[in-house]
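Peer 1: Here it is: the structure, laid out below.
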Ligand SMILES: Cc1ncc(COP(=O)(O)O)c(C=O)c1O
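Residue numbers (our numbering): 2 to 394.
So this is what it looks like as C-alpha cells:
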C-alpha cells in the first residue's frame with residue numbers, strides 16, 4: 002500500500018463521459034466545452050463568465066495578457082506558489098516583485114501586499130493572490146489595498162475550487178468566482194479538485210477581459226463581425242481576423258466532458274477533504290514538533306487541496322529529506338509546497354532578496370497525503386507512522 006500526497010478519483014460516470022465525447026462529432030471546441038463552461042460558471046457565481054483552456058499556466062497567461070501586463074506594467078505575487086504564477090507574467094516581459102507571506106499560513110496579507118506595492122521599483126499593474134492549499138485568507142482586505150493603488154487583482158485559485166471567501170459581511174462567495182477580483186484562474190491538472198489530466202479556466206465578471214481571453218485562447222482571432230476591421234463582404238461565414246498573434250490554448254472535448262462529470266461531485270469530495278483535515282488536526286493536536294494547519298473561521302473557507310503540516314526539523318534533529326525518505330520507505334508520499342520562487346536560479350541571477358516570512362514557512366512545511374478516498378483508518382496509519390518516525394508517539 003502506498004499513499005501518494007495526492008491522487009485523482011475517476012469513476013464510471015467519468016469514463017462514460019470521456020468515451021461519449023470520443024464517439025461524438027467534435028473532439029475540440031464543441032458542445033462539451035460550452036457545457037463545461039456553463040456548469041463551472043453556474044457553480045461559482047451567477048455573475049461570472051468562464052473561459053476554459055488547456056491548463057492553469059495558460060489560464061494565468063490569458064489573465065495577464067487580458068490585463069495587458071508588459072515591460073512597463075509589472076506584477077506582485079507570492080513567492081510561495083508554483084512557478085507559473087510568476088513565470089507567465091515574465092513570459093509577457095512584465096517584471097515581477099514578491100510580497101512576503103504570513104509564516105504560519107504561507108499566504109500574503111493585506112499588510113505584505115501594501116508593503117510590496119510601496120517598495121516595488123517599477124510600476125505595478127496587477128497583484129496575484131495565491132489561495133495556497135485551498136484557502137483565501139485576507140482576500141477582501143487585499144482587494145481594498147489593490148483598489149487603493151489602482152491595481153488589478155487576480156486570484157490564483159488553482160488550489161481552491163469549492164472554498165468560500167472569508168468576508169466581513171459573512172456573505173457566501175466562492176473563491177475564484179471573481180466576486181472579489183478582476184480575473185481568477187483554475188488548474189484542472191490530474192491531482193486538482195477537478196481532474197482532467199490537464200486543463201484550466203479563467204473566470205471574470207468583466208466583459209472586455211472575457212472577450213480578450215476568448216480571442217487569445219485561439220491565436221488572437223475573432224469571428225465576431227462587429228470586431229472586424231476589414232469586412233470582406235456583408236456575408237462572410239469563412240472569415241476571421243487576428244488582432245494580435247497568440248497561441249493555441251484550447252481544451253479538448255474529452256477533457257471538458259471529464260470536467261463536467263467531475264464537477265457534479267466536487268461538493269461531496271470537498272466535504273470529505275474537510276473531514277480528513279479535521280481528523281489529521283485531531284491526530285496532531287498534542288504532538289510536539291508537528292503542527293497541523295490552522296482551521297479557517299468557517300469550514301467552507303477551505304478546499305483542502307493540500308494538508309501542509311509544520312515540523313521544526315532543527316529541534317527534531319532530523320532533516321526534512323530524512324523524514325521524507327523514512328516516510329517513503331513506509332509507503333507514505335510527501336511533498337513541499339513550495340520552494341520560494343526567488344530561490345530558483347533565474348531569480349537568484351537577478352538578486353531577488355530572500356523574504357523572512359516565506360523562508361520561515363518554507364523551512365518547516367511538508368504536505369502529507371490528502372485526497373477524498375482516504376478513510377479514518379488511513380489517516381490514523383499515516384499519522385502514527387509520522388509520529389513514530391519523529392519519535393514523539
Ligand atoms: C498555485 C498554482 N498555480 C498555477 C498552476 C499551474 O497549473 P497547470 O499545472 O495546470 O499549468 C498550479 C499547478 O500546479 C498551481 O498549483
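Heads up, the beta-carbon is just placed ideally off N, CA and C, and yes, glycines get one too.
Computed from a predicted model, the values in this text were never measured in an experiment.
Check whether the segment 5-14 and the segment 192-200 touch, using three or more Cβ-Cβ pairs below 8 Å as the test.
Peer 2: The segment 5-14 vs the segment 192-200: in contact.
Peer 1: Let's see if you can read the secondary structure: which residues bound the alpha helix (DSSP H) around residue 146?
Peer 2: Where residue 146 is concerned, the enclosing alpha helix (DSSP H) stretches over 140-149.
Peer 1: Consider the Cβ of residue 27: report whether some Cβ of chain C lies at a distance smaller than 7 Å.
Peer 2: Absence of chain C from the displayed structure is noted, only one protein chain being present.
Peer 1: Taking the C-alpha atoms as reference points, what is the distance between residue 44 and residue 376?
Peer 2: Near 27 Å, if we compare the C-alpha coordinates of residue 376 and residue 44.
Peer 1: With a CB to CB cut of under 6 Å and the five nearest residues on each side skipped, what residues in its chain are close to residue 15?
Peer 2: So the qualifying residues of the chain are 259, 262.
Peer 1: Which of the three DSSP states is assigned to residue 214 in this structure?
Peer 2: Here residue 214 sits in helix by DSSP.
Peer 1: Tell me which residue opens and which closes the beta strand (DSSP E) that residue 94 is part of.
Peer 2: Counting along the chain, residue 94 falls outside any beta strand (DSSP E), and DSSP gives it neither H nor E.
Peer 1: Thinking residue 334 and residue 5 are a contact (beta carbons under 8 Å), I'd like their distance in whole angstroms, please.
Peer 2: With a Cβ gap of about 4 Å, residue 334 and residue 5 count as contacting.
Peer 1: Under a three-way DSSP split, which group does residue 44 fall into?
Peer 2: DSSP places residue 44 in helix when its eight states are reduced to three.
Peer 1: Out of 37, 33, 66, 20, state which residue places its alpha-carbon closest to the alpha-carbon of residue 466.
Peer 2: Outside the shown range of the chain (2 to 394) lies residue 466, about which nothing can therefore be said.
Peer 1: Quick check: what's the CA-CA separation for residue 391 versus residue 125?
Peer 2: Going from the Cα of residue 391 to the Cα of residue 125 covers about 45 Å.
Peer 1: By Cβ distance below 6 Å, which residues in the same chain neighbour residue 160 in space, the five residues on each side in sequence not counted?
Peer 2: Excluding residues within five positions, the ones whose Cβ falls inside 6 Å are 132, 134, 135, 306.
Peer 1: Runs of 4 residues minimum, wholly inside the segment 250-286: which ones carry the alpha helix (DSSP H) assignment?
Peer 2: Qualifying alpha helix (DSSP H) stretches, in chain order: 254-264, 267-285.
Peer 1: Looking only at C-alpha atoms, which of 347, 293, 218, 322 sits nearest to residue 308?
Peer 2: Nearest of 347, 293, 218, 322 to residue 308, Cα basis: 293.
Peer 1: To the nearest angstrom, report how far apart residue 313 and residue 331 are at their CA atoms.
Peer 2: C-alpha separation (whole angstroms): 21 Å.
Peer 1: With C-beta atoms as the reference, is residue 443 less than 7 Å away from residue 111?
Peer 2: One cannot answer for residue 443 here, as it falls past the ends of the chain, which runs 2 to 394.
Peer 1: Can you give me the C-alpha to C-alpha distance between residue 394 and residue 288, rounded to a whole angstrom?
Peer 2: Residue confidence is low: residue 394 scores 40 on pLDDT, short of 50, so the model does not pin down where it sits. Its coordinate-derived value is still stated next. Going by the C-alpha atoms only, they are around 8 Å apart.
Peer 1: Helix, strand or coil, according to DSSP, for residue 388 in the structure here?
Peer 2: Of the three classes helix, strand and coil, the one that applies to residue 388 here is helix, per DSSP.
Peer 1: What separation, rounded to the nearest whole angstrom, lies between the Cα atoms of residue 202 and residue 46?
Peer 2: If I take the Cα positions, the gap works out to 14 Å.
Peer 1: If you measure from the CB of residue 359, is any heavy atom of ligand 1 nearer than 6 Å?
Peer 2: No, the Cβ of residue 359 stays beyond 6 Å of every heavy atom of ligand 1.
Peer 1: Leaving out five residues before and five after residue 383 in sequence, what residues of the same chain have Cβ atoms less than 7 Å from its Cβ?
Peer 2: Taken in chain order, the residues that qualify are 4, 333, 369, 370.
Peer 1: Is the number of C-beta pairs between the segment 97-104 and the segment 345-363 that are closer than 8 Å three or more?
Peer 2: These segments touch.
Peer 1: If I follow the unbroken beta strand (DSSP E) through residue 127, where does it start and stop?
Peer 2: Residue 127 -> beta strand (DSSP E) spans 125-131.
Peer 1: Would the C-beta of residue 361 count as close to ligand 3, meaning under 6 Å from any of its heavy atoms?
Peer 2: Inclusion of ligand 3 in the displayed structure is not the case, the ligand content consisting of ligand 1 alone.
Peer 1: Roughly how many angstroms separate the alpha carbons of residue 198 and residue 211, rounded to a whole number?
Peer 2: Their Cα atoms are separated by approximately 25 Å.
Peer 1: Is the beta carbon of residue 85 within less than 6 Å of some heavy atom of ligand 1?
Peer 2: Within the cutoff, so yes.
Peer 1: Taking the CB atoms as reference points, tell me whether residue 91 and residue 214 lie closer together than 7 Å.
Peer 2: No, they are not a contact pair.
Peer 1: Rounding to the nearest angstrom, what Cα-Cα distance links residue 49 and residue 269 in this structure?
Peer 2: Taking the straight line from one Cα to the other gives about 23 Å.
Peer 1: Between the C-alpha atoms of residue 388 and residue 205, what's the straight-line distance to the nearest angstrom?
Peer 2: Roughly 44 Å separates the two Cα atoms.
Peer 1: Would you call the CB atoms of residue 37 and residue 254 closer than 7 Å?
Peer 2: Not a contact, by the Cβ cut-off of 7 Å.
Peer 1: Less than 7 Å between the beta carbons of residue 81 and residue 107, yes or no?
Peer 2: Closer than 7 Å, so yes.
Peer 1: Quick one: does the C-beta of residue 54 sit closer than 6 Å to a heavy atom of ligand 1?
Peer 2: No - ligand 1 has no heavy atom lying nearer than 6 Å to the Cβ of residue 54.
Peer 1: Write down every uninterrupted run of the beta strand (DSSP E) in the segment 178-227 whose length is 3 residues or greater and which is fully enclosed by it, in chain order.
Peer 2: 184-188, 201-205, all fully within the segment 178-227.
Peer 1: For residue 304, does the count of other Cβ atoms within 10 angstroms reach 16, so buried, or fall short, so exposed?
Peer 2: When all chains shown are included, residue 304 counts as buried.
Peer 1: What are the complete alpha helix (DSSP H) segments, minimum 4 residues, inside the segment 9-56?
Peer 2: If we require 4 residues or more, the alpha helix (DSSP H) runs fully inside the segment 9-56 come out as 13-24, 32-45.
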